[in-house]
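For reference, the structure is listed below as structure tokens.
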Amino acid sequence: MVECRRRDPMRRGNGRVGGFLTGLGRGLECAAREARGLDMAQSFQCSLVTPEASVLDAAVTYAEVPAHDGLVGIMYQHAPLLVKLGPGRLRLVMEDNSEVVYFIDGGFAQMSDNHLTLLSERALLPDEIDRAEVETLREQAAGMGHTDDQQFARRQHDLAAAQQMAKIAGEAGR
Numbered sequence: 148m149v150e151c152r153r154r155d156p157m158r159r160g161n162g163r164v165g166g167f168l169t170g171l172g173r174g175l176e177c178a179a180r181e182a183r184g185l186d187m188a189q190s191f192q193c194s195l196v197t198p199e200a201s202v203l204d205a206a207v208t209y210a211e212v213p214a215h216d217g218l219v220g221i222m223y224q225h226a227p228l229l230v231k232l233g234p235g236r237l238r239l240v241m242e243d244n245s246e247v248v249y250f251i252d253g254g255f256a257q258m259s260d261n262h263l264t265l266l267s268e269r270a271l272l273p274d275e276i277d278r279a280e281v282e283t284l285r286e287q288a289a290g291m292g293h294t295d296d297q298q299f300a301r302r303q304h305d306l307a308a309a310q311q312m313a314k315i316a317g318e319a320g321r
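Each residue of the sequence shown is one higher than the one before, counting from 148 in this note's numbering.
Structure representation (structure tokens):
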């Protein structure tokens with residue numbers, strides 16, 4: 148993070164090249180951060196919902212969401228977003244800087260007006276992950292044939308879910 152100090156606008160190196168702002172000057176970055184109020188972590192509302200229940204509804208300062216094609220980091224004032232979720236680790240940083248981790252199994256995430264809504268088939272805390280279930284899922288997926296694209300996609304999804312569940316449970320010491 149750049150340290151913000153007052154700068155003399157008449158001094159050389161003020162972020163201007165040929166009369167145009169370059170955006171690289173420390174003074175410009177600091178002014179932009181101060182205008183947006185980013186010197187302090189700001190929170191947004193996060194809701195995690197499964198078909199069975201509303202799992203979480205809390206204020207968070209950061210969310211790391213497993214999209215189907217990679218991780219997406221979300222902070223306060225994030226642009227509107229709608230993304231398909233894949234199986235993986237949802238990491239949330241709460242207002243008190245504690246972290247909460249869930250395994251989520253696909254679904255959708257929407258960020259709008261500082262409210263992140265995650266709709267998932269399944270959401271498990273690390274201590275709720277059953278190692279026997281993970282091994283069963285892995286064995287079933289490995290033994291599953293794939294005669295068409297849909298079966299192949301299901302097999303890949305199940306293998307990825309089993310791998311992510313084992314990783315999350317392992318990180319938690321289970």
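Here a beta-carbon is modelled for each residue, glycine too, at the ideal position from N, C-alpha and C.
The structure displayed is predicted, hence computed values, not measured ones.
Could you have a look at residue i and say whether DSSP puts it in helix, strand or coil?
i           : result
residue 314 : helix
residue 396 : Nothing about residue 396 can be reported from this structure: the residues present for the chain run from 148 to 321 only.
residue 246 : strand
residue 188 : coil
residue 252 : strand
residue 298 : helix
residue 155 : With a pLDDT of 47 at residue 155, under the threshold of 50, the modelled position of that residue is not reliable, and the figure given next carries that caveat. Coil.
residue 384 : Not covered by the structure: residue 384. The range shown for the chain is 148 to 321.
residue 165 : Any reading at residue 165 needs caution, since the residue's pLDDT is 45, under 50, leaving its predicted position unreliable; the model's value is listed next. In this structure, residue 165 counts as coil in the three-state DSSP scheme.
residue 197 : coil
So the beta strand (DSSP E) residue i belongs to, where does it begin and stop?
i           : result
residue 264 : 262-266
residue 204 : 201-214
residue 234 : 228-241
Taking the alpha helix (DSSP H) that residue i belongs to, which residues open and close that run?
i           : result
residue 289 : 278-290
When the Cα of residue i is compared with those of the options, which residue comes out closest?
i           : options            : result
residue 258 : 305, 245, 212, 189 : 212
residue 245 : 216, 210, 283      : 210
residue 132 : 241, 288, 294, 295 : Outside the displayed range of the chain (148 to 321) lies residue 132, so it cannot be described from this structure.
residue 272 : 284, 203, 254, 193 : 203
residue 254 : 275, 278, 291, 229 : 229
residue 199 : 274, 269, 304, 207 : 269
residue 291 : 304, 189, 260      : 304
residue 286 : 310, 296, 318      : 310
residue 193 : 282, 241, 284      : 241
residue 206 : 188, 276, 218      : 188
### Task
Could you tell me whether the stretch 251-270 touches the stretch 218-238, where touching means 3 or more Cβ pairs closer than 8 Å?
yes
### Task
Check whether the stretch 237-257 touches the stretch 301-314, counting contact only when three or more Cβ pairs, one atom from each stretch, lie closer than 8 Å.
yes
### Task
Please determine if the stretch 219-228 and the stretch 297-306 are in contact, where contact requires at least 3 C-beta pairs separated by less than 8 Å.
no
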